[in-house]
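J.:
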Amino acid sequence: MALPLRISGLVVEAGGRRVLDGVDLELATRGVTAIIGPNGAGKSTLLRALDGLVAPTAGRIGFGDDGAATAPRRAFVFQKTALVRASVARNVALAVEAEGLPAAEARARVDHALARVGLSGRARDAARRLSGGEQQRVAFARAWARAPELLLLDEPTASLDPAAMEEIERLVAALRDAGTKVLLVSHNLGQVARLAEDVVVLAAGRVAEHGPVDVVFRRPASEAARAYLKGELPWQSFDASP
Amino acid sequence: MLETFAQASALLLALDPSVAGIAALSLRVSLAATAIGCAVGIPAGAFLAIARFPGRGGAIVALNALMGLPAVVVGLVIYLALSRSGPLGHLGLLFTPAAMVVAQAVLVTPLVAALTRQIVEDAEGELGEQLRSLGLPAWRRVRALLLDVRFSLAVAVLAAFGRAIAEVGAVLVVGGNIAGHTRTMTTAISLETQKGDLPLALALGMVLLALVLVVNAAAAVLRAHALRRHG
């Protein structure tokens, strides 16, 4: 992503409740930014707002120094893999349909994406017959096929075994290394430490803290971050001094 | 009673040409009506499933209510439209199999549309956000959702076929029950019962039930095979 992402005063209301309550955030153009926080903090809603899936009640999402640049190409990988009852290749092809590419080019993009996630040999298999880890790799192939500048990941490894999780983390790292900006929502703080450079702690729809992972994990400045990390990392002792 | 069954079975075993002809016409008319109902009802139901517009709730209630359209009323309205003084009288369709197809299509289209709407809306709940995230326009999302639910839609198609082939009121009014021309199994059963030819009525009833059973069994086998293959 060539331009920084700027979020100011973002409010999203749903069902009479303020899910996001004035989020202000500025994110670097590269690398992996993790978004952590307790359930109901607004993490998934923030990703959905960035992807245009939910309309902000107030506030602004902008790109570039003046916040007026065109939105980057995006891809979203959900926790629950949403695959159509069709072949693996057909599912990945959905990712490039909107671009209206010539058939040969679209097929080449699909083949390339499947090769990147190690599923070339399964292209004609029924997507819903794959294992959970393989299904998530199909979702990543779909993301890869879109050549995203911004990749939104909503707990992509939440229901996977360690081997499948490692494979997905390898794919996230590969996309990051290819220049894609990644926003990763995760409750797995080990994963956050392995993949992310900076971490945003959301609590009650607001940004409680934003900083480098090692700083936030070792010396959380906000009470909300301290409380969350204490619950998630009970073995880690924090430096309580501000 | 047993004697009637025996005579009906004898008629079937003898492959009575009048029975075969009536069964073939019934099948042809009902399949054509089901095809038209699916061609119109599936896209309409799918778009209603994903579209958001003021009055959508009312449209869904109306569509669901249309599933209970009284066949005789539909027959009467189409009769009026196709009669010589009606707006479509110049087509000369009244008392032809084509008029029966139109009447049955009118009856089954809301059924297909309403069932499709529900099936696609359920799939939309599961896949809709992902498809919107991929930037797909509405018609491509509909196509992807229909691809996903194609095996479930078999139920809608079978329900439409079932209603069409079992229908008697509308085809009687617009077809006229003319022997060798517009006589279907249901209208023949009704007529033969009134005439007292119970063996023939029963033979036709057995053919009708067998046809419905065969079509449903074939669909079930195909669906199970497809689900095994596609997950």
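Chains A and B supply the protein sequences, listed in that same order. For what it's worth, numbering that gives the first Met the number 0 labels the leading residue of the first sequence as 0, then goes sequentially. For what it's worth, numbering that gives the first Met the number 0 labels the leading residue of the second sequence as 0, then goes sequentially. Beta carbons: idealized from backbone N, C-alpha and C, even for Gly.
On the DSSP bridge list, what partners appear for T32 of chain A?
T.: DSSP output for T32 of chain A lists A:L182 and A:D197 as bridge partner(s).
J.: What residues in the region 65-78 of chain A have a beta carbon less than 7 Å from any beta carbon of chain B?
T.: So the list reads F75 and F77, given in the order they occur along the chain.
J.: Under a Cβ-count criterion, where at least 16 other Cβ atoms within 10 Å of its own Cβ denotes burial, should V60 of chain B be classed as buried or exposed?
T.: V60 of chain B should be labelled exposed.
J.: Using beta-carbon positions only, say whether T69 of chain A and Q135 of chain A come within less than 7 Å of one another.
T.: Result no, Cβ atoms of T69 of chain A and Q135 of chain A do not sit closer than 7 Å.
J.: Run through the region 129-155 of chain A for me and flag every whole alpha helix (DSSP H) of 4 or more residues, listed as ranges in chain order.
T.: Complete alpha helix (DSSP H) runs here, min 4: 131-144.
J.: Examine the Cβ distances between the region 158-169 of chain A and the region 140-149 of chain A and report whether three or more of them are shorter than 8 Å.
T.: These segments do not touch.
J.: Within 10 angstroms of the Cβ of S84 of chain B, are there 16 or more other Cβ atoms? Answer buried if so, exposed if not.
T.: Exposed: under 16 other Cβ atoms inside 10 Å.
J.: DSSP three-state call for V119 of chain B: helix, strand or coil?
T.: Of the three classes helix, strand and coil, the one that applies to V119 of chain B here is helix, per DSSP.
J.: What residue range does the alpha helix (DSSP H) around R169 of chain A cover?
T.: Looking at the DSSP string, the run of the alpha helix (DSSP H) that includes R169 of chain A is P161 to D176.
J.: I6 of chain A bridges to which residues according to DSSP?
T.: Note: I6 of chain A sits in a beta bridge opposite A:L24 and A:I60.
J.: Could you check where the alpha helix (DSSP H) with F216 of chain A kicks off and where it finishes?
T.: Its alpha helix (DSSP H) spans residues V212 to R217.
J.: What is the DSSP secondary structure of A225 of chain B, reduced to helix, strand or coil?
T.: Helix at A225 of chain B.
J.: Can you tell me the Cβ-Cβ gap for A144 of chain A and L135 of chain B, rounded? I've got them flagged as a contact below 8 Å.
T.: With a Cβ gap of about 13 Å, A144 of chain A and L135 of chain B do not count as contacting.
J.: Using a Cβ-Cβ distance under 7 Å, would L100 of chain A count as near chain B?
T.: Output row for L100 of chain A: interface = no.
J.: Once you ignore the five residues that flank P241 of chain A on each side, which residues in its own chain have a CB closer than 7 Å to its CB?
T.: Bear in mind that the predicted position of P241 of chain A carries a pLDDT of just 45, short of 50, making it unreliable; the figure below should be weighed with that in mind. Cβ within range, chain order: A220.
J.: Looking at chain B, is there any beta carbon in it that lies within less than 7 Å of the beta carbon of A239 of chain A?
T.: Only weak support exists for where A239 of chain A lies, its pLDDT of 46 falling under 50; the value from the coordinates is given anyway. Cβ-Cβ to chain B under 7 Å: no for A239 of chain A.
J.: Restricting to Cα atoms, I'd like to know which of A:G230, A:V214 and A:R175 is closest to A27 of chain A.
T.: Of the candidates A:G230, A:V214 and A:R175, the one whose C-alpha sits nearest the C-alpha of A27 of chain A is A:R175.
J.: Out of curiosity, what's the CA-to-CA distance linking A239 of chain A and R169 of chain A?
T.: Reliability of the predicted coordinates at A239 of chain A is poor, the pLDDT of 46 falling under 50, and the value obtained from them is presented with this limitation in mind. Going by the C-alpha atoms only, they are around 34 Å apart.
J.: Might you give, ordered along the chain, the residues of its own chain that have their beta carbon closer than 7 Å to the beta carbon of A9 of chain B, omitting 5 neighbours on each side?
T.: Nothing listed; no residue qualifies.
J.: In this structure, how does DSSP classify G207 of chain A when only helix, strand and coil are distinguished?
T.: One detail in the question is off: residue 207 of chain A reads as Ala in this sequence, not Gly. The answer is strand: DSSP assigns A207 of chain A an E or B state.
J.: Assuming R116 of chain B and A48 of chain B form a contact by the criterion Cβ under 8 Å, report the distance between their Cβ atoms to the nearest whole angstrom.
T.: With a Cβ gap of about 5 Å, R116 of chain B and A48 of chain B count as contacting.
J.: Quick one: what does DSSP say E2 of chain B is sitting in, helix, strand or coil?
T.: In the structure shown, E2 of chain B sits in a helix (DSSP, three-state: H, G or I).
J.: Run the CB neighbour count on A164 of chain A, radius 10 Å, all protein chains shown included, and call it buried at 16 or more, exposed below.
T.: The sequence as given places Met at residue 164 of chain A; Ala does not occur at that position. Buried, by the Cβ-count rule.
J.: Could you check which residue in B:H89, B:I21, B:A19 and B:V156 has the C-alpha nearest to that of A38 of chain B?
T.: A38 of chain B has its Cα closest to that of B:V156, out of B:H89, B:I21, B:A19 and B:V156.
J.: From the DSSP output, which residues share a beta bridge with F75 of chain A?
T.: Answer is A:L151, bridged to F75 of chain A.
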